[in-house]
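In the working numbering, the protein residues as written are 24 to 281. For glycine and all other residues, C-beta sits at the position ideal for the given N, C-alpha and C. All figures in this text were calculated on a predicted structure; none of them were measured in a lab. Inspection log for the structure reproduced underneath, given as structure tokens.
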């Protein structure tokens, strides 16, 4: 069932504001991420607030392992936050974010409903919990990986059908952090880039079997604790904000999702 976000969790929206530009949002997001680095906190980015303390994000009200569907108003100015191990589909133009992506993978969907409303989705898959992409580090766990990817692909496709997505013309991008080039310990074999690419390809093929045109992005960000941010005024980009794996400093990468 598609819920109207005007009654999201039974509460009314506060006063609306004009949606800030991508550039203005990035100033706020990088400021907050840098504060997290300076505090050495995990998670790095907490609840997103502006410098006056106004909360800028709306959390998805679902249990872990579930995918929510929300219809947002035309003037919506919130950043919709998809938590780890859950997903969000929005009908309407809105900003989306998901945080703390390490060994996880985000499936990003962009398209329109069958009645021509804009639709976007962010699904944050963990390595091996309720909504997983089977990214196991231990070889003993890898036999379970394919089943997890199959379940995730079916759940994603079923939720998009429920949201009335027109599968023709929808684009689906798979985004994870870049893996290690080599593995010093055999137990971490699953996080090598070679293995990650194989798993991303396998998930893309399973989504194609469900009727979705899916592919992994060409250049995964070489980051950790990554936040992915989407602004509807930049429909061909997702911004990755994270910690550079080598330097430990803030790094921003623009990802092409055309």
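Checklist entry - By a C-beta neighbour count over all protein chains shown, 10 Å radius and 16 as the cutoff for buried, is residue 65 buried or exposed? => result Numbered from 1 along the chain shown, position 42 holds the residue referred to as residue 65. Burial is judged here by how many other beta carbons sit within 10 angstroms of a residue's own beta carbon; residue 65 has fewer than 16 and is exposed.
Checklist entry - Beta carbon of residue 197, beta carbon of residue 174: below 8 Å? => result For this step, residue 197 is matched to residue 174 along the chain shown. For this step, residue 174 is matched to residue 151 along the chain shown. Cβ distance not < 8 Å, so residue 197 and residue 174 don't count as in contact.
Item to check | residue 215 versus residue 272: straight-line alpha-carbon distance, rounded | outcome: Position 192 of the chain shown holds residue 215. Position 249 of the chain shown holds residue 272. Those two C-alpha atoms are separated by around 22 Å.
Checklist entry - Going by other Cβ atoms of all chains shown within 10 Å of its Cβ, with 16 needed for buried, is residue 274 buried or exposed? => result Taking the chain shown and counting its residues from 1, the one referred to as residue 274 is at position 251. Per the 10 Å Cβ criterion, buried.
Checklist entry - Per DSSP, residue 194 forms a beta bridge with which residues? => result Your numbering for residue 194 matches position 171 in the chain shown. 133, per the DSSP bridge assignment.
Item to check | Best match in 67, 85, 181, 93 for proximity to residue 266 [C-alpha to C-alpha] | outcome: Residue 266 sits at position 243 when you count from the first residue of the chain shown. Of the candidates 67, 85, 181, 93, the one whose C-alpha sits nearest the C-alpha of residue 266 is 67.
Checklist entry - Beta-carbon separation of residue 235 and residue 195 under 8 Å? => result Within the chain shown, the letter at position 212 stands for residue 235. Within the chain shown, the letter at position 172 stands for residue 195. Between residue 235 and residue 195, the gap from beta carbon to beta carbon is short of 8 Å.
Checklist entry - When burial is assigned at 16 or more other CB atoms within 10 Å of the CB, is residue 41 buried or exposed? => result As a position in the chain shown, residue 41 is number 18, starting the count at 1. Exposed: under 16 other Cβ atoms inside 10 Å.
Checklist entry - Where does residue 145 fall in DSSP's three states? => result Walking along the chain shown from the start, residue 145 turns up at place 122. Residue 145: strand per DSSP, three-state reduction.
Checklist entry - In this structure, does DSSP put residue 123 in helix, strand or coil? => result On the chain shown, position 100 is the one that residue 123 refers to. Strand at residue 123.
Checklist entry - For residue 102, which of helix, strand or coil comes out of DSSP? => result On the chain shown, position 79 is the one that residue 102 refers to. Correct three-state label for residue 102: strand.
Checklist entry - Would you say residue 44 touches the ligand PLP, meaning its beta carbon is less than 7 Å from a heavy atom? => result Annotation note on the ligand PLP: not contained in the displayed structure, which lists no ligands.
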